[in-house]
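Accompanying notes for the structure given below.
Protein chains: 2
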Amino acid sequence: MNDPDGEPTRLRLDLAYDGGGFRGWARQPGLRTVQGTLEAALARLLGGDPRLVVAGRTDAGVHATGQVAHLDLTGVQRARLARSRTPDPIALAPRLNGVLGQYPDLAVHRVAGAPDGFDARFSAVWRRYEYRIADRTTGYDPLSRGRTTSVAAVLDVEAMDAAARGLRGLFDFAAYCKPREGATTIRTLLEFDWHRDADGVVVANVKADAFCHSMVRALVGGCVAVGDGKLDPADLIDIRDARVRTNEVKVLAARGLTLTEVGYPADELLGVRAEQTRARRQADDGEFRGRGA
Amino acid sequence: MNDPDGEPTRLRLDLAYDGGGFRGWARQPGLRTVQGTLEAALARLLGGDPRLVVAGRTDAGVHATGQVAHLDLTGVQRARLARSRTPDPIALAPRLNGVLGQYPDLAVHRVAGAPDGFDARFSAVWRRYEYRIADRTTGYDPLSRGRTTSVAAVLDVEAMDAAARGLRGLFDFAAYCKPREGATTIRTLLEFDWHRDADGVVVANVKADAFCHSMVRALVGGCVAVGDGKLDPADLIDIRDARVRTNEVKVLAARGLTLTEVGYPADELLGVRAEQTRARRQADDGEFRGRGA
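Heads up: the protein sequence lines correspond to chains A and B, in order. Under my numbering, the residue at position 48 of the first sequence is numbered 33, and the numbers go up by one with no gaps. Under my numbering, the residue at position 27 of the second sequence is numbered 12, and the numbers go up by one with no gaps.
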């Protein structure tokens, strides 16, 4: 999107962070959050009061390798950028990383003018998360401890994989969500599977159009109960279809969870998608749709 | 090794640690070190004043996934272990990890009675290290920042690999070592190669009979100068053969370095190997041979 002088009015930012040192994405007074940290860095370079809109509002402790946000520039900010030695928005990524310091826990991979109609939250078609678990057969790796949950069991990954695949589809996932006033819990779970990686870590791949609050961590908790022999794959479907939360399903720790990817339609379809999503969500759930953890 | 009652007198410990929170392996008064932390945990379980001997005395900030140490038990400690609810040394690993806390930066993978003649330091036949570098094409991963060095260049990994392979063999590596009084710098570099892994990280594999101080970090620093076009592979050989340190070779940061594996001979050859090594090292280099960083 460009203003009449051809300067971009909306920027797309691609980000990664180690969630361990943040109290989640959303800005909160007096707490270190991803949004607060990044907005402060943007304010140093652009002035004003930058406000980011994000694809996945991750909870405290949740990581991201493929987070996406957008930022609308004011006329004053556009003029300041245009006057700078490196007016191309592309140059903002290394400048922001410079502000964020050496070996930071938050890094900006790319900044670019957003295509027409792009909205980091409402244009997104799907979000993908990864969840990592070390069990008793994996062994414990201190170097990966920040991004891997440990469980004191030997997990049957085949059973977990079968259970996960059985949960896919368009359903009301209320049993796997923390309720939010006025928020729908109907989601399309597009992919959900488990494998053991080369290091023996048990890894979930989870992809949906959007996630309600704590949904990934409850889904993986249900699968761990299956992998540990406490539930059968069919139990997870019964729990889903009962649409009531149960303490048989534990919400696993944030440390194992990483937002890895956000999908958007082709540029020419962006505006249409954002309008559809915004209309649907305003109709049914107010603020909290799009939370991812 | 067992005492007349069949209780083991020497234990072998296999360890892993994130070096970021430690001032290196060696115990130092008032500083948090790997040896000091582990000896304190052992003292809690066994009493007395446990003293570990290690295969690779890693420097501050250096990590390990495959470190090996041994511990000689006193008669009092053996009796205490024999009286405990879990007298098998195997059970010491989970007990030590319990003392070290949840999600610790130091973990004990295995404890077992050492075979006859085993000495963690003097029986070792080789040590293997890995060095990880993110360059401009890799992108920066906040979740791996603790174990990966960043360089502001695009590295030619093929040239680095060729340079590394050219350095292998039995040579005086004085040009790549921090000098130590009375310590030899003659080493056999058994393996040295580079590749880019699936995440785009530039990774060195380095294996030698033993390493002199800062040798791995200087060798990888030389290769980075090649990958960045500042030196030719042949220059690294010339530098080696000049046997004098040069500021063309930078000693890279500890954070990229991990001790991954220590090799020992078959059990029946352990005693012979330890005697050979001890005799040779006492003849030429006193305390510091076997340092790995």
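Every residue gets a Cβ at the ideal spot worked out from N, C-alpha and C, and that includes glycine.
Quiz prompt | Closer than 9 Å to chain B by CB, H48(A) | solution = Residue 48(A) sits at position 63 when you count from the first residue of the first sequence. With a threshold of 9 Å between beta carbons, H48(A) makes contact with chain B.
Practice prompt. Taking only the alpha-carbon atoms, compute the straight-line gap between A119(A) and A11(B) and give it to the nearest angstrom.
Written response: Numbered from its first residue, the first sequence carries residue 119(A) at position 134. Numbered from its first residue, the second sequence carries residue 11(B) at position 26. Going from the Cα of A119(A) to the Cα of A11(B) covers about 29 Å.
My assumption, with CB atoms under 8 Å, is that L85(A) sits in contact with L91(A). Please give the rounded CB distance.
Counting from one through the first sequence, the residue named residue 85(A) turns up at place 100. Counting from one through the first sequence, the residue named residue 91(A) turns up at place 106. Contact flag correct, Cβ pair sits at about 6 Å.
Exercise. Do the stretch 103 to 119 of chain B and the stretch 17 to 24 of chain B make contact, defined as three or more Cβ pairs closer than 8 Å?
Worked result: Not touching, per the Cβ criterion.
Q. In the stretch 176 to 188 of chain B, which residues sit with their C-beta less than 9 Å from some C-beta in chain A, listed in chain order?
A. Residues: none.
Quiz prompt | Integer Cβ distance of G279(A) from V236(A), believed to fall under 8 Å | solution = The structure shown does not extend to residue 279(A), since chain A is modelled only from -14 to 278, so the question has no answer here.
| field | Pair within 9 Å by beta-carbon distance, L56(B) and L37(B) | value | Translated into the one-based positions of the second sequence, residue 56(B) becomes position 71. Translated into the one-based positions of the second sequence, residue 37(B) becomes position 52. Yes, they are a contact pair.
Check your understanding: Tell me the DSSP bridge mates of G98(A)?
Key -> If you number the first sequence from 1, residue 98(A) lands on position 113. DSSP output for G98(A) lists L(-4)(A) as bridge partner(s).
**Q.** Backbone CA spacing between C162(A) and A239(A) [nearest angstrom]
**A.** On the first sequence, position 177 is the one that residue 162(A) refers to. On the first sequence, position 254 is the one that residue 239(A) refers to. The straight-line gap separating the alpha-carbon atoms of C162(A) and A239(A) is approximately 15 Å.
**OP:** Would you check if there are 3 or more beta carbon pairs closer than 8 Å linking the stretch 54 to 69 of chain B to the stretch 208 to 226 of chain B?
**Re:** Segments in contact, no.
- Message: Within a Cβ cutoff of 6 Å, which residues of the same chain sit near Q52(B), ignoring the five residues on either side of it in sequence?
- Response: Taking the first residue of the second sequence as position 1, residue 52(B) is located at position 67. Around Q52(B): L0 and L244.
*Could you check if E253(B) is buried or exposed, using at least 16 other CB atoms within 10 Å of its CB as the buried criterion?*
Indexing the second sequence from 1 puts residue 253(B) at position 268. Sixteen is the threshold: since fewer than 16 other Cβ atoms of the shown chains lie within 10 Å of the Cβ of E253(B), the residue is exposed.
Subject >> Pick from W179(B), F158(B) and H180(B) that is closest to T170(B), judged by C-alpha positions >> reply: Locating residue 170(B) in the second sequence gives position 185, counting from the first residue. Out of W179(B), F158(B) and H180(B), F158(B) has the C-alpha closest to the C-alpha of T170(B).
_Can you list, in chain order, the residues of its chain with a C-beta nearer than 8 Å to that of G154(B)? Leave out the 5 residues immediately preceding and following it._
By one-based count along the second sequence, residue 154(B) stands at place 169. Result list for G154(B): T173 and L174, in chain order.
| Would you say N190(A) reaches chain B, if we count a Cβ-Cβ gap shorter than 9 Å as a contact? | The residue labelled residue 190(A) in the question sits at position 205 within the first sequence. N190(A) does not count as touching chain B.
Alpha-carbon spacing of G4(B) relative to H48(B), whole angstroms:
By one-based count along the second sequence, residue 4(B) stands at place 19. By one-based count along the second sequence, residue 48(B) stands at place 63. So the two alpha carbons sit approximately 4 Å from each other.
query: Does the Cβ of H180(B) have 16 or more other Cβ atoms within 10 Å, making it buried, or fewer, making it exposed?
result: Residue mapping note: residue 180(B) aligns to position 195 of the second sequence, counting from 1. Burial check for H180(B): the Cβ neighbour count within 10 Å stays below 16, so the residue is exposed.
Leaving out the 5 sequence neighbours to the left and right, which residues in its chain are closer than 6 Å to D141(B) when beta-carbon positions are compared?
What you label residue 141(B) is simply residue 156 of the second sequence in a count that begins at 1. Sequence-distant Cβ neighbours of D141(B) in its own chain, meaning closer than 6 Å and more than five residues away, are G212.
- Task: May I ask you to report which of helix, strand or coil DSSP gives E233(B)?
- Result: Stepping through the second sequence from its first residue, residue 233(B) is reached at position 248. For E233(B), the secondary structure class from DSSP, reduced to helix, strand or coil, is coil.
message: Using a 10 Å radius around the Cβ and a threshold of 16 neighbouring Cβ atoms, would you call L255(A) buried or exposed?
response: As a first step, residue 255(A) is located in the first sequence; it is residue number 270 there, counting from the start. Classification of L255(A): buried, given that the 10 Å Cβ count is 16 or more.
* **Whole-angstrom distance between V110(A) and K192(A), CA atom to CA atom** => Counting from one through the first sequence, the residue named residue 192(A) turns up at place 207. Counting from one through the first sequence, the residue named residue 110(A) turns up at place 125. Rounded to the nearest whole angstrom, the CA to CA distance from K192(A) to V110(A) is 10 Å.
inquiry  = Using only CA atoms, which one of P100(A), A45(A) and H94(A) lies nearest to L(-4)(A)?
reply    = If you number the first sequence from 1, residue -4(A) lands on position 11. In this structure, P100(A) is the residue among P100(A), A45(A) and H94(A) with its C-alpha nearest to the C-alpha of L(-4)(A).
Are the CB atoms of M145(B) and V209(B) nearer to each other than 9 Å? Looking up residue 145(B) in the second sequence gives position 160. Looking up residue 209(B) in the second sequence gives position 224. Yes, the Cβ-Cβ distance between M145(B) and V209(B) is below 9 Å.
Q.
By alpha-carbon positions, which one of G124(A), P89(A), Y2(A) and T50(A) ends up nearest to V139(A)?
A. Locating residue 139(A) in the first sequence gives position 154, counting from the first residue. Comparing Cα-Cα distances from V139(A) to each of G124(A), P89(A), Y2(A) and T50(A), the minimum goes to G124(A).
Suppose you measure from the CA of Y249(A) to the CA of S108(A); what does that come to, to the nearest Å? Against the first sequence, residue 249(A) aligns to sequence position 264. Against the first sequence, residue 108(A) aligns to sequence position 123. A straight line joining the alpha-carbon of Y249(A) with that of S108(A) spans about 6 Å.
(message) Tell me the DSSP secondary structure of A25(A) in three-state form.
(response) For the purposes of this step, residue 25(A) is taken as the residue at position 40 of the first sequence. In this structure, DSSP gives A25(A) a helical state, which the three-state scheme calls helix.
Checklist line | Separation of P164(B) from R95(A), as counted between CA atoms | finding: The sequence position of residue 95(A) within the first sequence is 110, counting from 1. The sequence position of residue 164(B) within the second sequence is 179, counting from 1. The alpha-carbon atoms of R95(A) and P164(B) are separated by roughly 44 Å.
| request: Would you verify that the beta carbon of G131(A) is, or is not, closer than 9 Å to some beta carbon of chain B? | output: Your numbering for residue 131(A) matches position 146 in the first sequence. With respect to chain B, the C-beta atom of G131(A) has a partner C-beta closer than 9 Å.
message: In this structure, how does DSSP classify G(-10)(B) when only helix, strand and coil are distinguished?
response: By 1-based counting over the second sequence, the position of residue -10(B) is 5. The sequence as given places Asp at residue -10(B); Gly does not occur at that position. Coil at D(-10)(B), not helix or strand.
Give a yes or no on whether the minimum CB-CB distance between R230(B) and chain A is below 9 Å. The count along the second sequence starts at 1 and reaches residue 230(B) at position 245. Not an interface residue.
- Hey, R225(B) and F156(B): beta-carbon distance below 9 Å or not? Counting from 1 along the second sequence, the entry for residue 225(B) is found at position 240. Counting from 1 along the second sequence, the entry for residue 156(B) is found at position 171. The answer is yes: Cβ separation under 9 Å.
Using a Cβ-Cβ cutoff of less than 7 Å, which residues in the same chain neighbour G33(B) once the five nearest sequence positions on both sides are dropped?
Working through the second sequence from its first residue, we reach residue 33(B) at position 48. Closer than 7 Å at Cβ, skipping near neighbours: T59, V61 and Q62.
Do we get a CB-CB distance below 9 Å when we pair E(-8)(B) with the residues of chain A?
On the second sequence, position 7 is the one that residue -8(B) refers to. By this cut-off, E(-8)(B) is not an interface position.
DSSP state of L249(B), grouped into three classes? Reading the second sequence from its first residue, position 264 is the one you call residue 249(B). In the sequence on display, residue 249(B) carries Tyr and not Leu. Three-state DSSP puts Y249(B) in coil, outside helix and strand.
For this session: Measure from the C-beta of P127(B) to each C-beta in chain A and report whether the shortest distance is under 9 Å.
Result: For the purposes of this step, residue 127(B) is taken as residue 142 along the second sequence, with counting starting at 1. Cβ-Cβ to chain A under 9 Å: yes for P127(B).
**Message:** Is the beta carbon of H198(B) closer than 9 Å to that of A168(B)?
**Reply:** Within the second sequence, numbered from 1, the residue matching residue 168(B) stands at position 183. Within the second sequence, numbered from 1, the residue matching residue 198(B) stands at position 213. Their beta carbons are under 9 Å apart, which means A168(B) touches H198(B) by this criterion.
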